[in-house]
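For reference, each letter of the sequence shown is one residue, going 27 to 152 in my numbering. Just so it is clear, CB atoms sit at the ideal spot from N, CA and C, and this is done for glycine as well. Data block below; observations after.
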Amino acid sequence: QPCIAVVGAGAVGGFFGILLHRAGYRVRFLVRDSERSRLRREAVARVGYTALISVEPEFRASIPPEVATTMFCSDPAECLRECSCVLVATKRTETEAVHRILLASGVTCPVVFLQNGVQVAERLTP
């Protein structure tokens, strides 16, 4: 079963991650090791993880707490190990930092940037 790493678990990362999980993929969310992320992981442990999967608010998809808690990690090496693909769903201002993390973690699988804005590829070209 392929594993997809999603860097960033906000609206965009959550949308794609939950849909991929529902389609049968193993999904790991790489999140920051911060107080805000810790609080989010605690909330996920209590109520699960929910994202909108349509522009209509009644279309929500959820992952129950017992599954969702295993999907979040803040250690890049652990999260990115043996992934088939990495989806980057962070703000464009984080592109260089994410690029360094991917290089340091030895990622060799395809990486897809799900960011709006221009010049993302140019920022990553040596």
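- Membership of L140 in any beta strand (DSSP E) is not indicated, and neither H nor E is assigned to it by DSSP.
- Under the three-state reduction of DSSP output, S63 falls in the helix class.
- Shown here, V32 sits in a strand according to DSSP, grouped into three states.
- Burial state of A69 is exposed, judged by a 10 Å Cβ sphere holding fewer than 16 other Cβ atoms.
- Three or more beta-carbon pairs drawn from the region 97-116 and the region 29-41 are found closer than 8 angstroms, and the two stretches are therefore classed as touching.
- When only Cα atoms are considered, L46 and R86 end up about 14 angstroms apart.
- In this chain, the alpha helix (DSSP H) harbouring V124 covers T121 to A130.
- By the beta-carbon neighbour count (other beta carbons within 10 angstroms, threshold 16), L106 is buried.
- For A87, the three-state secondary structure derived from DSSP is strand.
- Counting along the chain, V53 sits inside the beta strand (DSSP E) bounded by residues R52 to L56.
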